[in-house]
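Residue numbers (my numbering): 13 to 178. Ideal Cβ positions, reconstructed from N, Cα and C, are used throughout, including at glycine. No experiment lies behind these values; they were computed from the predicted model shown.
Printed below as a string of structure tokens:
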């Protein structure tokens, strides 16, 4: 348990991936109204080997150690991964955090994220740990919708996206 506490403190004091980066496909801002934690999160997508990859996740966040650590761990787990792997990580994290202690998490899927398994016993803290993850889901939905919208606007050899339409 001490190792888990150390991992959470390490990630909260030196968050991985922090700082908003350009370019990005979508940006969202989420607030945990219960405690005041906030995150602004950006995602950038790319195509690699015929599949969409979450090329980068960047963020600015203020909040408690759990919220900060969870978002840092999120960055490590999903940046550079195919969207289906990022979705698997989200589902595993959500299942673990909402299990009330019944799911200790799969280290192969969640890496350092299993350090947050104890949070599931404290329902008031679950929202803190899920804040960045919920922002990620929202940003990915927006980015994929924009990407699909761009695909629908393809006419002849001209490919119009929301960025091009401005």
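With burial defined as no fewer than 16 other Cβ atoms inside 10 Å of the residue's Cβ, what is the status of residue 172: buried or exposed?
With a pLDDT of 28 at residue 172, under the threshold of 50, the modelled position of that residue is not reliable, and no figure is offered here.
Between the stretch 52-65 and the stretch 28-43, are three or more C-beta pairs nearer than 8 Å?
yes
May I ask you to report which of helix, strand or coil DSSP gives residue 94?
strand
Please determine, among 127, 143, 126 and 112, the residue with the shortest C-alpha to C-alpha distance to residue 133.
112
Who are the near neighbours of residue 74 in its chain, counting only those whose CB is closer than 6 Å to its CB and skipping five residues on each side?
50
Is DSSP giving residue 81 helix, strand or coil here?
helix
What does a CB cutoff of less than 7 Å around residue 146 pick up in its chain, not counting 5 residues either side in sequence?
42
Do the CB positions of residue 66 and residue 106 come within less than 9 Å of each other?
no
Using 10 angstroms around the beta-carbon of residue 27, count the other beta-carbons present and answer buried if the total reaches 16, otherwise exposed.
buried
Taking the alpha-carbon of residue 143 as reference, which of 161, 102, 115 and 126 has the nearest alpha-carbon?
102
Among 151, 138 and 162, the one whose alpha carbon lies nearest that of residue 47
138
Which partner residues of residue 127 appear in the DSSP bridge assignment?
According to DSSP, which records beta bridges pairwise, residue 127 is partnered with nothing at all.
Whole-angstrom distance between residue 114 and residue 204, CA atom to CA atom:
Because residue 204 is not part of the residues shown, which for the chain are 13 to 178, the question remains open.
Would you kindly work out how many angstroms separate the C-alpha atoms of residue 79 and residue 86, rounded to a whole number?
11 Å
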